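Residue numbers (UniProt numbering): 1 to 92.
For reference, the structure is listed below as structure tokens.
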């Protein structure tokens, strides 16, 4: 399968985007256009491995992934939930 067959002056690039999905983009040099996603490794944004820490899991809310912690584990920085987690135990 040739995704750019019949099109001239097209540049293709493969990237692993910020959300962890591997995508193939094309960009036409003839038309002043933006890049177009030609293919993606998955449409499930929870599928990429390594976006969440060991003690967290992913839940889709609509189309957006949400990282959640297991009980007794918390985010080191709640504003950056893709970073590391810390054990949060209360000893009585």
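For each residue, glycine too, the CB sits at the ideal point set by N, CA and C.
The structure displayed is predicted, hence computed values, not measured ones.
Going by DSSP, what residues sit across from residue i in a beta bridge?
| i | result |
| --- | --- |
| residue 40 | 23 |
| residue 74 | 86 |
| residue 48 | Residue 48 is not bridged to any residue. |
| residue 56 | 69 |
Give every residue of the same chain whose Cβ lies closer than 8 Å to the Cβ of residue i, excluding the five residues on either side of it in the sequence, and list them in chain order.
| i | result |
| --- | --- |
| residue 15 | 22, 23 and 25 |
| residue 68 | 56, 57, 58 and 59 |
| residue 50 | 20 |
Whose C-alpha, out of the options, is nearest the C-alpha of residue i?
| i | options | result |
| --- | --- | --- |
| residue 32 | 48, 43, 9 and 59 | 9 |
| residue 34 | 11, 67 and 75 | 11 |
| residue 61 | 54, 75 and 45 | 45 |
| residue 19 | 78, 29 and 41 | 41 |
| residue 63 | 43, 38 and 78 | 43 |
Leaving out five residues before and five after residue i in sequence, what residues of the same chain have Cβ atoms less than 7 Å from its Cβ?
| i | result |
| --- | --- |
| residue 87 | 72 and 73 |
| residue 13 | 25 |
Within the same chain, show all residues whose beta-carbon is closer than 6 Å to that of residue i, passing over the 5 residues directly before and after it, in chain order.
| i | result |
| --- | --- |
| residue 27 | 11 and 35 |
| residue 70 | 55 |
| residue 29 | 9 |
State the CB to CB distance for the pair residue i and residue j, rounded to an integer number of angstroms; the pair is presumed to be in contact (CB under 8 Å).
| i | j | result |
| --- | --- | --- |
| residue 76 | residue 85 | 7 Å |
Any beta-carbon of chain C closer than 9 Å to the one on residue i?
| i | result |
| --- | --- |
| residue 71 | Note that chain C does not occur in the displayed structure, where there is just one protein chain. |
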